[in-house]
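**Student:** In the working numbering, the protein residues as written are 213 to 650. Here you go, one structure.
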């Protein structure tokens, strides 16, 4: 899924908003006077209706997967309710999981929230390990939704393997190579090398920065670390983890050197920098290509290319869960497993750009031959597949999004506004700790 709906760019909305948001989450599953069989006499035509609660643009309907499943299972009718942004969807979901009421048959959970759901709500969710095949999925993806006692409460939809998208024309003007293999070699294995390349670029740049934003760089670096904000025991360690401080300081160094724009990602001003070609490179999971395409002017088509990141990391991805309180848990579990099976994930990538969490899909024509208008003939499927296979198994904590947002929006972005790296770090820590205490 595209990360503007699943990223922690904005603070999770306050609980006061949950009541109003609940109406959207509950549409199609609240008591509407129908009988307890949950059979629809309208669009369902008396068939068993399976409802999905989603956020953003999952693409299941748009890709025709619902219709395909209904054709294979004539007794099933599928309906979905979609909330545009995860920061609006998730608080309502947690509220209904906590009360164990008002849940749809299948509920989507974003990767940044899966640890909290696993740790606090797993008893309310069906174990899907006998429906989805563990061997089909990337091991680290499967583990993210698995409890300590071995219950797997979510099957993975997509993942966000990290690469670097760059403008060939701007690289050429700055005297840098433009061939993707040569570009990747410039920074292979080291984010410090990546920033050094940015300093080379900035020496000859005219009216542009090397990168789009400090947040994008920090996200990419941290996504490639095995341990970030929590240790394996669940302890918050972001303040004492040298990998986090190192990533923050390197991003601050890039900001002080003028290598990054002073924008917050997924805001209107940042969109404008894409449209006006104001930067040369950006951290780029698969869904970012769709975002670039949507915000770019027509003359940018084919000017982008894509290279491997210095280190593999993951940015984005979701899971499908099945609440035990549903009336058709067996049918819902089978649908969730089918929607996330390799064949369906390959089809979804071809239409939606959601990169599969199932390695078997990487050998499909839909992935191997994938192209994007912005990157022309670049073999985006194999590039992202290679990155996906090397993503580290990462410890995710229940408040990862709050910490990531604090480090970015209350931290490194301040360096682009004249604050010192120390002041930016201190401000980020103060903000994060205040939010964690709430």
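Note that beta-carbon positions come from the ideal geometry of N, C-alpha and C, so glycine has one too. Predicted model, so just to flag it, every value in this text is computed and none were measured.
#1: Do the CB positions of residue 615 and residue 441 come within less than 8 Å of each other?
#2: In or out: residue 393 buried (at least 16 other Cβ within 10 Å) or exposed?
#3: Please tell me whether residue 349 and residue 569 are closer than 8 Å, where the distance is taken between their beta carbons.
#4: Of the choices 613, 292, 319, 512, whose alpha-carbon is the least far from that of residue 528?
#5: Per DSSP, what kind of secondary structure is residue 392 in: helix, strand or coil?
#6: Could you give the distance in angstroms between the alpha-carbon of residue 272 and the alpha-carbon of residue 630?
#7: Measuring straight from C-alpha to C-alpha, what distance separates residue 340 and residue 293?
#8: If we ignore side chains and look at the alpha-carbon of each, how far apart do residue 398 and residue 390 end up?
#9: Mind checking who residue 640 pairs with in its DSSP beta bridge?
#10: Given a threshold of 16 other Cβ atoms within 10 Å of its Cβ, counted over all protein chains shown, does residue 532 qualify as buried or as exposed?
#11: What residue range is occupied by the uninterrupted alpha helix (DSSP H) comprising residue 455?
#12: Whose C-beta lies closer than 7 Å to the C-beta of residue 645 among residues of the same chain, with five residues either side of it excluded?
#13: Report the rounded CA-to-CA distance for residue 383 versus residue 521, giving the unit in angstroms.
#14: List the DSSP bridge partners of residue 519.
#15: Would you kindly report the start and end of the unbroken beta strand (DSSP E) that includes residue 321?
#16: Tell me residue 295's beta-bridge partners as DSSP assigns them.
#17: Which residues does DSSP pair with residue 535 in a beta bridge?
#18: Around the C-beta of residue 581, are 16 or more other C-beta atoms found within 10 angstroms, so that it is buried, or is it exposed?
#19: When the Cα atoms are used, what is the spatial distance from residue 453 to residue 559?
#20: What residues in its chain sit with their C-beta under 8 Å from that of residue 530, if we drop five residues either side in the sequence?
#21: Going by alpha carbons, who is nearest to residue 316 out of 539, 598, 597, 605?
#22: With 16 other CB atoms within 10 Å as the buried threshold, where does residue 244 fall?
#23: Going by beta-carbon coordinates alone, are residue 343 and residue 546 separated by less than 8 Å?
#24: Look at the Cβ atom of residue 443, then the Cβ atom of residue 407, and state whether they are nearer than 8 Å.
#25: From the DSSP output, which residues share a beta bridge with residue 289?
#26: Is residue 485 closer than 8 Å to residue 477 when the C-beta atoms are compared?
#27: Would you call the CB atoms of residue 515 and residue 424 closer than 8 Å?
#28: Can you tell me where the beta strand (DSSP E) holding residue 552 begins and where it ends?
#29: Measuring CB to CB, does residue 373 end up less than 8 Å from residue 480?
#30: Around the C-beta of residue 642, are 16 or more other C-beta atoms found within 10 angstroms, so that it is buried, or is it exposed?
#31: Hey, how far is the Cα of residue 623 from the Cα of residue 404?
#32: Which residue's Cα is closest to the Cα of residue 625: 463, 282, 554?
#33: Rank 364, 330, 335 by C-alpha distance to the C-alpha of residue 346 and give the top, closest one.
#34: Okay, do the region 542–557 and the region 350–358 touch, 3+ Cβ pairs below 8 Å being the bar?
#35: Just how far apart, CA to CA, sit residue 309 and residue 276?
#36: Mapping the DSSP letters down to three states, classify residue 332 as helix, strand or coil.
**Tutor:** Result, derived from the coordinates:
#1: yes
#2: exposed
#3: yes
#4: The residue with the shortest Cα to Cα distance from residue 528 is 613.
#5: helix
#6: Distance between the alpha carbons of residue 272 and residue 630: 45 Å.
#7: 22 Å
#8: 11 Å
#9: Its beta-bridge partners do not exist; DSSP assigns none.
#10: Flag for residue 532 reads buried.
#11: 454–468
#12: none
#13: Their Cα atoms are separated by approximately 16 Å.
#14: 376
#15: Following the DSSP letters along the chain, one finds residue 321 inside the beta strand (DSSP E) bounded by residues 318–322.
#16: 267
#17: 337
#18: exposed
#19: If I take the Cα positions, the gap works out to 40 Å.
#20: 213, 218, 270, 320, 321, 322, 323, 368, 369, 370
#21: 539
#22: Reliability fails at residue 244, whose pLDDT of 31 lies under 50, so the model's placement of it is uncertain and the value that follows must be treated cautiously. Exposed is the call here.
#23: The Cβ-Cβ distance between residue 343 and residue 546 falls below 8 Å.
#24: Taking 8 Å as the cut-off, the beta carbon of residue 443 is found no closer than this to the beta carbon of residue 407.
#25: 261
#26: No, these two residues do not count as a Cβ contact at 8 Å.
#27: no
#28: Residue 552 -> no beta strand (DSSP E), and no H or E assigned at all.
#29: no
#30: exposed
#31: Straight across, the Cα-Cα distance linking residue 623 with residue 404 is about 20 Å.
#32: 463
#33: 364
#34: no
#35: 29 Å
#36: Three-state DSSP puts residue 332 in a helix.
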